[in-house]
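First residue of the sequence shown? That's 1 in the UniProt record's numbering, and the numbers climb one at a time after it.
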Amino acid sequence: MLRFGLNRLYHSLSSNLVKSQQRNAHSRFPLKWSTSHVTYREDQIPKNTDVLIIGGGIVGWATAFWLRHDSKFSVTVVEKDPTYSQSATVLGLGSIRQQFSEPENIQMSLFSTDFLRNITKYLSVEDLTENIDIDFNPQGCLILADSKNADLLKENYLLQLDLGAKVDLLGKKALSERWPWLSIEDVEMGCYGYENEGWFDPFLLLKALKTKCHFMGVNYVVGEVIEFDLSPYTLSFLQPVGPLRPPVSSRPLRYATVLLPDQSRACIEFNSVVNAAGPWAARVAELAEVGSEYHPLRLPVEPRYRQVFVVRPKNTLNPDENKYPLPGLDMPFMIDHNRLFIERRDLSGEFFVYSDDPKFDFFNNNEQSTVNYEFFHEHIKPLLRKRIPGFKDVEVTSGWISICDYNTWDQNLIIGSHPFHANMYLCNGSSGHGTQHAIAIGKSVSELLTYHCFKTLDLARFSFDRLYINETIKETNCF
């Protein structure tokens, strides 16, 4: 009986390993597989639509889903790159955590995690989908703090508890007992999210959202919006969200010119437009003269790139030769006070590693277009070896360059209608948190379009208005 049980365990782990390797081959490294493997459904181009969404990443499709879920609006999504070869969604890691210092960020994480836990209820397509699997691993997130940041970590922990987050504050002894492979010489304490935190495959979530949206009647157009035209009529708008102010009189955006793959052009009339263009959101805003002499304050969002490395301990297959323990399957997604990020890669024995330190990362893509492996050996490996001694000898098996919509103003989301283009809705600048908050962002934009106010989550503080009054919102729970 024992032999039968061990055989069953072996085959189960082998099956899961093959499944995870196949899944990661097609989602984590999209630039390594042929774009001929990507299929997409393109609809006829509508002449008009209630809501035009520019950007077919995870935020755009989440917005489309909630609009069709909560209203009868006709919705059209325009995406210029159906292969997602430069998509922030597909190139991201898909981690999710509730450990933030701003209440809105915590609440968005809690909302998104609840959606992921009930994803089949939301995204199943009648009887065609029995169970939707996005490879959600609720292994938790561990944030470490040194003595300089310990008080701040504790303060944020109390706020997270107050908002319903499932987190524990752990001292040195508790950290050492729970994760003996962890070096805590310079660590004062850690905060561990034991529920509603972990990681998932963003590409699988994107596919599930698209499939559901197609079923719900969302139009999908492959092309690039290159021009806006204004309505011939001047209208008076009263901003529904944000500080009270006089109505704004302007000519609303009304038509979008779309450049199609065959270089022909199509014109789509709309009532409202959602800028969900991710790293290229500022370019879309410029088409509406945001940042011009008419509206001089530009949308402060730009593409930023970081290097992600895939590493494997050289002695994984020979644990007896290693005097230091190695992380097991219970390893959480980890962030330390040196801004080192580590995530276990399913059952493959490999780990994703990157630095979030602005001194090293978030470079301009004009400066570098390929992975610089010397960067790992010079900057990342010493931090990794210090935090996990068992990683003294690691080999880099691969790597890629990820991208995010970086908010140069304060690295937090900008959401809501533009002050002078009241029918243009922004949802940009999450600065690396967009994938984990996409479901909540989509819900919030949908509510603004449907009810003209936030109902589920109050994100009014994250409006574009804070730029005009020179106010910043600083997220401090990432040292």
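Don't be surprised by glycine CBs; every beta carbon is placed ideally from N, CA and C.
Limits of the unbroken alpha helix (DSSP H) element including residue i
i	result
residue 307	Per DSSP, residue 307 belongs to no alpha helix (DSSP H); it is in the beta strand (DSSP E), 301-313.
residue 60	58-70
residue 178	172-178
residue 330	Here residue 330 belongs to no alpha helix (DSSP H), and DSSP marks it neither H nor E.
residue 384	381-387
Endpoints, beta strand (DSSP E) assigned at residue i
i	result
residue 257	253-259
residue 451	Taken as a continuous stretch (DSSP letters only), residue 451 belongs to no beta strand (DSSP E), being part of the alpha helix (DSSP H) at 434-451.
residue 486	The chain is shown from 1 up to 479; residue 486 falls before or after that span and cannot be answered.
residue 50	48-54
residue 460	Per DSSP, residue 460 belongs to no beta strand (DSSP E) and is neither H nor E.
residue 497	Beyond the ends of the chain as shown, which are 1 and 479, falls residue 497; an answer cannot be given.
residue 425	424-428
residue 468	Element bounds for residue 468: not the beta strand (DSSP E) but the alpha helix (DSSP H), 465-468.
residue 77	75-79
residue 480	Given that the chain is displayed from residue 1 to residue 479, the structure contains no residue 480 and the question cannot be resolved.
residue 165	Careful: residue 165 lies outside any beta strand (DSSP E) and carries neither H nor E.
residue 271	265-275
residue 354	350-355
residue 219	219-222
Residue nearest to residue i in terms of C-alpha spacing, selected from the options
i	options	result
residue 421	131, 254 and 413	254
residue 167	187, 148, 141 and 175	141
residue 448	54, 262 and 274	274
residue 338	298, 384, 308 and 324	384
residue 70	466, 176, 470 and 443	443
residue 221	81, 89 and 103	81
residue 469	454, 419, 334 and 382	419
residue 411	400, 398 and 427	427
residue 374	460, 307 and 302	307
residue 48	78, 63 and 136	78
residue 106	59, 310, 162 and 406	162
residue 46	258, 211, 371 and 153	258
residue 305	289, 372 and 296	372
residue 301	406, 43 and 138	406
residue 389	183, 287, 179 and 380	183
residue 143	123, 103 and 197	197
residue 467	475, 278, 206 and 415	415
residue 57	192, 277 and 190	277
residue 396	349, 256 and 434	349
residue 219	64, 477 and 381	64
residue 97	266, 260 and 195	195
8 angstroms contact criterion, which residue i and residue j should meet: CB distance rounded
i	j	result
residue 430	residue 424	Not really, about 18 angstroms apart at Cβ, beyond 8 angstroms.
residue 52	residue 270	4 angstroms
residue 75	residue 50	7 angstroms
residue 112	residue 439	4 angstroms
residue 109	residue 436	6 angstroms
residue 310	residue 225	Not quite, the Cβ-Cβ distance comes to about 35 angstroms (not below 8 angstroms), so this is no contact.
residue 353	residue 342	5 angstroms
residue 99	residue 156	7 angstroms
residue 181	residue 327	5 angstroms
Residues sharing a beta bridge with residue i, DSSP
i	result
residue 372	Partner(s): none; residue 372 has no beta bridge.
residue 157	Looking at the DSSP assignment, residue 157 forms no beta bridge with any residue, so it has no partner.
residue 199	95 and 137
residue 407	301
residue 235	250
residue 421	Bridge partners of residue 421: none, in fact.
residue 343	352
residue 454	DSSP output for residue 454 lists no bridge partner at all.
residue 181	DSSP lists no partner for residue 181.
Sequence-distant residues of its chain with Cβ nearer than 6 angstroms to residue i (five each side left out)
i	result
residue 344	331 and 351
residue 251	230, 231 and 234
residue 472	410
residue 131	120
residue 91	402 and 403
residue 215	125
residue 333	95, 141, 199 and 343
residue 116	136
residue 291	298
Sequence-distant residues of its chain with Cβ nearer than 7 angstroms to residue i (five each side left out)
i	result
residue 38	Any reading at residue 38 must be qualified, since the residue scores a pLDDT of 43, below 50, and its modelled position is unreliable; the value itself is stated next. Closer than 7 angstroms at Cβ, skipping near neighbours: 82 and 83.
residue 7	Residue placement at residue 7 cannot be trusted, given a pLDDT of 45 that sits under 50; what the coordinates show is reported in the next sentence. Correct list: empty, nothing qualifies.
residue 188	145, 146, 147 and 150
residue 391	313, 384 and 385
residue 61	77, 206, 209, 210 and 213
Contact with chain D by residue i, beta-carbon distance below 9 angstroms
i	result
residue 204	The chain labelled as chain D is not found in the depicted structure, where only one protein chain is given.
Cβ shell of residue i (< 8 angstroms), same chain only, five flanking positions each side left out
i	result
residue 408	300, 301 and 302
residue 35	Legend: pLDDT at residue 35 = 35, less than 50; position of this residue unreliable, no value from coordinates given.
residue 29	The predicted position of residue 29 is uncertain, since its pLDDT is 41 and thus under 50; no value can be drawn from it.
residue 73	50, 51, 67, 449 and 450
residue 477	99, 100, 101, 143, 152, 153 and 156
residue 458	104
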